[in-house]
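Those sequence lines, one after another, are chains A and B.
In this text, residue positions in the first sequence follow our numbering: the first is 4, and each later residue adds one.
In this text, residue positions in the second sequence follow our numbering: the first is 9, and each later residue adds one.
C-beta: ideal position from N, C-alpha, C; glycine also.
Here is the structure we will look at, set down as structure tokens.
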Amino acid sequence: GNSVTQMEGPVTLSEEAFLTINCTYTATGYPSLFWYVQYPGEGLQLLLKATKADDKGSNKGFEATYRKETTSFHLEKGSVQVSDSAVYFCALSPYGNNRLAFGKGNQVVVIP
Amino acid sequence: DTGVSQDPRHKITKRGQNVTFRCDPISEHNRLYWYRQTLGQGPEFLTYFQNEAQLEKSRLLSDRFSAERPKGSFSTLEIQRTEQGDSAMYLCASSFQQNSNEQFFGPGTRLTVL
Numbered sequence: 004g005n006s007v008t009q010m011e012g013p014v015t016l017s018e019e020a021f022l023t024i025n026c027t028y029t030a031t032g033y034p035s036l037f038w039y040v041q042y043p044g045e046g047l048q049l050l051l052k053a054t055k056a057d058d059k060g061s062n063k064g065f066e067a068t069y070r071k072e073t074t075s076f077h078l079e080k081g082s083v084q085v086s087d088s089a090v091y092f093c094a095l096s097p098y099g100n101n102r103l104a105f106g107k108g109n110q111v112v113v114i115p
Numbered sequence: 009d010t011g012v013s014q015d016p017r018h019k020i021t022k023r024g025q026n027v028t029f030r031c032d033p034i035s036e037h038n039r040l041y042w043y044r045q046t047l048g049q050g051p052e053f054l055t056y057f058q059n060e061a062q063l064e065k066s067r068l069l070s071d072r073f074s075a076e077r078p079k080g081s082f083s084t085l086e087i088q089r090t091e092q093g094d095s096a097m098y099l100c101a102s103s104f105q106q107n108s109n110e111q112f113f114g115p116g117t118r119l120t121v122l
């Protein structure tokens, strides 16, 4: 089936540190891949997406590259800010299918 | 248009009662989705509509759950004979058919079943 696996546990880091959140997926065919972010008290927001292999999605300093050979879509940011504190979800949409399959999410806490 | 809206934002009910939630999608979006999110988990797909037609239902959607979108605009999700296991955040999302992979989410309705 289609599934997304995110690294376990919350991520706590200092302001201006480098952030990586791992995401791997299992899917048939060629899914589209997404990162969604949920800020405290707010709804899910699309952060970035990639629709085919080797595509790089980017937004607000965040980047993720669709790696078909490793079935991964890791999220990175070079210098985090306190305002980046949120829960980050990796998700996929199988080709020709409308449902999104989400990972469990990672709480990111950035300390000043 | 300010995005996808959901009502109510919070609902507390006793086991065995029926509850109904409403979702108003972004006006030009013809696809509407329902998801359920429990604590510490990602959202799980429940069902989706294209206009007024319900095109897909998850196995998570038991017989006690029913969703409608009668005029192809707002949608309702009803849970009959609620159980404690139904306690969760119910999320609605909408998308435009031509770009259906990009879904826009509402703030959710948090249901607590006592």
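The beta carbons of F113 of chain B and A101 of chain B sit closer together than 8 Å.
P16 of chain B and G106 of chain A have their alpha carbons spaced roughly 26 Å apart. In the DSSP annotation of this structure, the continuous segment of the beta strand (DSSP E) that includes R44 of chain B starts and ends at R39 to Q45. The shortest CA-to-CA distance from P78 of chain B to any of B:L69, B:V27 and B:E60 is the one to B:E60.
Its chain contains Q14 and R17 as the residues whose beta carbon lies nearer than 7 Å to that of P115 of chain B, once the 5 sequence neighbours on both sides are disregarded; these appear in chain order.
V7 of chain A carries a strand assignment under DSSP once its states are collapsed to helix, strand and coil.
Taking 9 Å as the Cβ-Cβ cut-off, the region 80 to 114 of chain A approaches chain B at F92, C93, A94, S96, N100, N101, R102, L103, A104, F105, G106, K107 and G108, given in chain order.
Listed in chain order, the beta strand (DSSP E) runs fully inside the region 14 to 73 of chain A are 14 to 17, 22 to 24, 26 to 29, 35 to 41, 47 to 53, 59 to 62 and 65 to 68, counting runs of at least 3 residues.
The beta carbon of I20 of chain B is closer than 7 Å to those of T120 and L122 in its chain, skipping five residues each way along the sequence. Under the DSSP definition of a beta bridge, N109 of chain A partners with A:Y91. C-alpha of E36 of chain B to C-alpha of R102 of chain A: approximately 19 Å in a straight line.
Cβ-Cβ separation between P13 of chain A and Q110 of chain A: approximately 4 Å, consistent with a contact (criterion under 8 Å). If you check each beta-carbon in the region 41 to 56 of chain A against every beta-carbon of chain B, the ones closer than 8 Å belong to E45, G46, L47, Q48, L49, K52 and T54. For Q62 of chain B and V90 of chain A, the gap between their C-alpha atoms comes out near 30 Å. Assignment of S86 of chain A by DSSP, reduced to helix, strand and coil, places it in the helix class. Residue pairing for L85 of chain B: DSSP places it in a beta bridge opposite B:F29 and B:A75. Residue burial annotation: I114 of chain A is exposed, with fewer than 16 other C-beta atoms found within 10 angstroms of its C-beta.
For a Cβ distance threshold of 8 Å, nothing in chain A lies close to F104 of chain B: the least Cβ distance comes to about 12 Å.
Of the residues A:D58, A:G64, A:E11 and A:D87, the one whose Cα lies closest to the Cα of F76 of chain A is A:D58. Cβ contact annotation for E76 of chain B (same chain, cutoff 7 Å, sequence separation greater than five): S83 and T84, in chain order. A distance below 6 Å between beta-carbons, with the five flanking residues on each side excluded, links Y28 of chain A to the following residues of its chain, in chain order: V7, T74 and L95. Taken atom to atom, the span from the alpha-carbon of R23 of chain B to that of Y98 of chain B is near 17 Å.
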